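According to the working numbering, the stretch in the sequence shown is residues 13 to 807, in order.
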Amino acid sequence: MDKDALGLGGGGPMAERPWQRALLSLRYIGSAGARRALLYALVRDAWNRRLPPPKGPWRPVGPPLAMEALPGGARFRFPEAELEALFFPGGLRLTWSPGRLPPSYWNPELSPIEPLREEREGRFALEAQGVRLEVGPEGLRFLRAGRVFRREALPERRKEAWRHRVALAPGERLYGLGSVAAPLDRRGRAYRLWNRDVGGSYGPEEGPLYLTIPVLLSHGPEGGHLVFYENPHEALVDLTQPEEALWTFMGGALRYHLFPGDPKEALSAYTALVGRPPLPPRFALGFHYARWGLSTEEEVREVAEGFLARGLPLSALHLDIDYMEGHRVFTVDRDRFPHLEELIADLRAKGVRTVLILDPGVKAEKGFPPYEEGLREGVFCTLPGGALLKAPVWPGWCAFPDFTHPRARAWWGRWVQTLWRLGVGGFWLDMNEPAAFAAWGDPTFPLPTRHALEGEEGDHRLAHNLYGLLMARATYEALKGETARPFLFSRSGWAGLARYAWNWTGDVESSWPALRRTVGIVLGLGLSGVPYTGSDIGGFSGHPSSELFLRWFQVGAFMPFFRVHSAITTPRREPWRFGEPVLSVVRRFLELRQALLPYLYTLAWEASQTGLPPVRPLFFLDPSAEAEDAFLLGEALLVAPVLEEGVRGRSVPLPRGPWYEFWTDRLLEGPGEVQVEAPLDRIPLFVWGGAALPLLEGEGLTLHLYPDREGRAEGLLYWDEGEGEGPFRLDRFRLEGGRLLWAEEGAYPWPWEGLGVRLHGKELLGAWVEGRWYGAREGRLRLPPFREARLEVKG
């Protein structure tokens with residue numbers, strides 16, 4: 013992006029490493045690929061010169077002149093623009109025009125709420141749902157309960173570009189923007205919003221990355237809110253100034269949605285608009301293994317057997333581009349994978365699902381069926397004048413489906429179904445920023461590339477950031493005809509990706525600083541409406557030490573997406589290759605992950621209902637708490653990973669309330685910093701005082717009660733068959749005054765033999781259930797189903 017063209021000047025702190033990246037890329041694509049990348053960069057640049065960024069002076073829109081009532085709001089007329097403001101449940105939508113609106117790829121059905129309107133001497137106001145919008149010559153003010161929580165200057169225009177200034181309050185913290193390798197609080201830096209393949213490796217201060225989203229969650233003394241800009245054009249968000257945020261969009265109308273409220277309230281309202289995640293199949297919450305370079309059927313079987321023979325739980329095994337014939341999408345190399353269907357079936361019989369990678373590029377090869385059929389159906393992206401767009405990726409020169417066309421999505425879906433019917437468990441969507449191999453510059457399509465955009469027609473400037481989202485949509489919709497709960501994860505996307513796919517954080521380098529940054533990336537994605545994500549454990553592009561791999565694995569055990577993955581150029585990374593004590597500690601954390609499955613599955617159900625991510629910042633529980641080296645898993649667990657080499661203890665910020673140290677049951681009080689031990693075989697892990705935590709133990713389920721100061725605890729458990737759309741059950745547990753109450757709803761039968769109960773902080777002697785005494789053994793109970801149990805404790 014030309015920052016001077018945007019009127020910002022200067023560079024951001026996220027520096028490129030072009031020569032190092034070029035050398036790394038050459039290792040991956042070889043000399044023939046490098047020649048294609050050189051030619052492609054020349055061609056792309058020639059096309060891009062036809063669409064230079066807008067230049068010239070910024071023009072103010074001028075003072076408001078008049079207000080016209082609209083259902084749910086009003087239209088305000090300015091000398092150089094118009095503003096439409098609409099109230100709907102949970103928020104407001106504001107649209108500055110002129111400028112083209114993108115096709116709506118999220119929930120378009122807004123129910124307008126009629127506001128009160130005021131007009132006095134060139135000033136106007138609307139008020140509804142306790143929120144007041146004031147429009148005057150100096151800009152816009154938003155108030156809640158009489159307090160101003162957001163101030164905006166009137167925007168400016170430069171041809172089709174918009175510039176928007178928003179005042180920032182002292183102490184206001186900002187989160188979001190999607191996948192960002194930067195501190196969790198985004199203030200102090202500038203960010204380019206343009207999905208980008210980083211070329212095989214990125215470090216802790218680089219960007220932009222694969223999945224950018226124009227959303228910021230504000231949390232501060234003036235009250236909280238979330239803003240989502242419904243504009244997929246390239247943008248720059250400059251947060252380097254202490255008193256203002258500056259948003260600049262290179263085109264389109266300036267439309268944004270504003271959701272006032274605390275972080276959970278605002279995030280829930282935002283995800284109701286753009287889409288919440290469906291409930292995943294339960295296997296997705298287990299442990300996944302991937303490796304670029306598992307190049308034969310025998311290698312895959314050897315790896316799977318290696319996990320199972322060593323007692324290491326494995327839910328899914330992923331096949332990278334190695335399974336394809338010449339890296340061609342929708343093919344299977346029958347020389348190296350002659351019996352892929354049998355392999356998939358054998359693994360599934362052992363409880364291991366197979367996930368296949370898919371890239372959008374279709375090799376432009378005469379006689380290749382997907383290519384020939386795509387040409388006949390006209391589903392590929394073209395250049396101005398109708399010539400087919402071709403760009404180099406793994407198979408060589410490729411054509412690319414235009415996922416902004418319903419016909420292309422349907423065509424893609426039919427080919428996806430052919431692979432699904434091999435018996436696979438899901439798909440891994442890669443290279444969909446969209447990426448192309450280019451020797452320099454932006455590794456994507458030429459900006460003049462034509463897209464259908466649902467019949468509205470346009471170029472790549474508008475479609476680029478939508479490409480990964482719509483590839484995920486096409487794949488998801490195809491699988492919905494085959495299975496009730498598709499499992500997909502996608503490297504790229506945009507607002508609303510969670511409706512279709514999970515995410516992972518891409519080709520992160522293997523280093524301690526990268527591990528530390530990963531925690532913030534996952535938190536930031538959750539606060540941007542992408543709740544299911546995780547990183548390549550150990551880093552993608554290097555060789556982690558045993559200690560780094562182990563500490564990364566311990567963090568990953570508490571992330572929604574729990575996967576080991578690495579590049580073909582790195583040493584193998586199965587846990588046993590690190591020897592002891594790594595193997596034993598990995599087994600311990602894999603078993604803990606299995607034990608947490610009921611809790612994780614319940615959090616997944618909550619995400620489908622509220623949009624709240626499983627991994628959450630500490631301020632979700634305590635507004636004054638702030639950390640990016642610790643996080644909540646739901647509200648019951650606090651995880652404080654070890655992120656530095658050689659560390660065997662650390663300081664942990666505890667939010668308010670009592671906390672139990674998971675490993676020792678030691679009771680600690682928050683708020684405040686506590687110093688705890690962190691030997692190599694564990695990391696600091698705490699349970700909130702007041703939680704009832706369901707854990708799998710052996711063949712049964714045990715409810716672990718961690719009472720608060722008043723002896724109360726409560727928790728939820730959601731369960732069903734794990735796939736499909738059959739019956740479910742929702743169990744609510746509450747401990748109060750020594751009584752453990754159990755309420756249930758739903759038709760799915762209780763799947764375990766009774767219920768185990770363990771009380772933490774006190775010695776449990778037994779319980780009375782319907783007049784019958786059940787004694788505890790070593791502080792543990794096994795009870796039949798009940799509505800009320802009276803617990804007896806020592807003392």
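By construction, the Cβ of each residue, glycine as well, lies at the ideal position given by its N, Cα and C atoms.
Quick caveat: nothing in here was measured; it's all calculated off a predicted structure.
On the CB-based measure, 16 or more other CB atoms within 10 Å of its CB, does residue i come out buried or exposed?
i       : result
Ala-157 : exposed
Lys-375 : buried
Lys-402 : buried
Glu-592 : exposed
Asp-677 : exposed
Glu-681 : exposed
Ala-81  : exposed
Pro-400 : A quick correction: the sequence has Leu, not Pro, at residue 400. The residue in question, Leu-400, is exposed, as its Cβ has fewer than 16 Cβ neighbours within 10 Å.
Gly-397 : exposed
Pro-683 : exposed
Pro-127 : buried
Ala-484 : buried
Asp-347 : exposed
Gly-508 : buried
Ala-687 : Correcting the residue identity first, residue 687 is Gln in this sequence and not Ala. Result: exposed.
Ala-464 : buried
Gln-621 : exposed
Glu-353 : exposed
Gly-646 : buried
Trp-423 : buried
Ala-648 : buried
Arg-198 : buried
Under three-state DSSP, which class holds residue i?
i       : result
Tyr-11  : Residue 11 lies beyond the residue range present for the chain, which begins at 13 and ends at 807; the question has no answer from this structure.
Ile-580 : coil
Ala-779 : strand
Val-147 : strand
Pro-275 : helix
Gly-333 : For clarity, residue 333 is Ile in the given sequence; the question names Gly instead. Note: Ile-333 maps to helix in three-state DSSP.
Asp-358 : helix
Gly-23  : Residue placement at Gly-23 cannot be trusted, given a pLDDT of 29 that sits under 50; the coordinates are not used to answer.
Ala-420 : helix
Phe-499 : coil
Arg-794 : strand
Phe-457 : coil
Val-178 : strand
Met-79  : strand
Lys-375 : strand
Ala-157 : coil
Gly-727 : strand
Asp-57  : helix
Arg-62  : coil
Asp-14  : With a pLDDT of only 36 at Asp-14, under 50, the local geometry of the prediction cannot be trusted, and the value read off the model is given with reservation. Here Asp-14 sits in coil by DSSP.
Gly-39  : The sequence given here places Arg at residue 39; Gly does not occur at that position. The answer is helix: DSSP assigns Arg-39 an H, G or I state.
Trp-31  : Residue confidence is low: Trp-31 scores 48 on pLDDT, short of 50, so the model does not pin down where it sits. No coordinate-derived value is stated.
Phe-565 : helix
Can you tell me the Cβ-Cβ gap for residue i and residue j, rounded? I've got them flagged as a contact below 8 Å.
i       : j       : result
Arg-585 : Gly-550 : 6 Å
Pro-653 : Glu-685 : With a Cβ gap of about 16 Å, Pro-653 and Glu-685 do not count as contacting.
Pro-543 : Pro-626 : 6 Å
Phe-161 : Glu-256 : About 15 Å; that fails the 8 Å criterion.
Ala-639 : Arg-660 : The Cβ separation is near 20 Å, so there is no contact.
Thr-461 : Cys-393 : 5 Å
Gly-437 : Ala-328 : 6 Å
Leu-459 : Asn-207 : With a Cβ gap of about 14 Å, Leu-459 and Asn-207 do not count as contacting.
Gly-536 : Trp-506 : Wrong, their Cβ atoms sit about 15 Å apart, outside the cutoff.
Gly-778 : Glu-804 : 5 Å
Gly-223 : Ser-504 : Checking the displayed sequence, the identity of residue 223 turns out to be Leu instead of Gly. About 5 Å; that satisfies the 8 Å criterion.
Whole runs of the beta strand (DSSP E) within the region 647–722, excluding any shorter than 3 residues:
Within the region 647–722, the beta strand (DSSP E) runs of at least 3 residues that lie entirely inside it are, in chain order, 649–651, 661–673, 679–689, 697–700, 703–709, 712–718.
Is there contact between the region 172–189 and the region 420–427, where contact requires at least three CB pairs shorter than 8 Å?
no
Going residue by residue through the region 201–268, where are the continuous beta strand (DSSP E) segments of at least 3 residues, counting only ones entirely within it?
When DSSP assignments are scanned along the region 201–268, the uninterrupted stretches of beta strand (DSSP E) that are 3 or more residues long and fall wholly within it turn out to be 202–205, 224–231, 237–241, 247–250, 256–261.
State whether the region 282–296 contacts the region 223–240, with contact taken as three or more CB pairs (one from each stretch) at a distance under 8 Å.
yes
Would you list, in sequence order, the uninterrupted alpha helix (DSSP H) runs of no fewer than 4 residues that lie entirely inside the region 524–553?
Correct list: 524–538.
Looking at C-beta atoms only, is the number of pairs between the region 42–52 and the region 134–143 that lie closer than 8 Å three or more?
With contact defined as three or more Cβ pairs closer than 8 Å, the region 42–52 and the region 134–143 are not in contact.
What are the complete alpha helix (DSSP H) segments, minimum 4 residues, inside the region 385–452?
Every unbroken stretch of the alpha helix (DSSP H) spanning 4 or more residues and falling wholly within the region 385–452 is given here in chain order: 418–432.
Three-pair Cβ contact test at 8 Å for the region 707–718 versus the region 766–785:
yes
In chain order, which alpha helix (DSSP H) runs of at least 4 residues are fully inside the region 574–635?
594–607, 609–622
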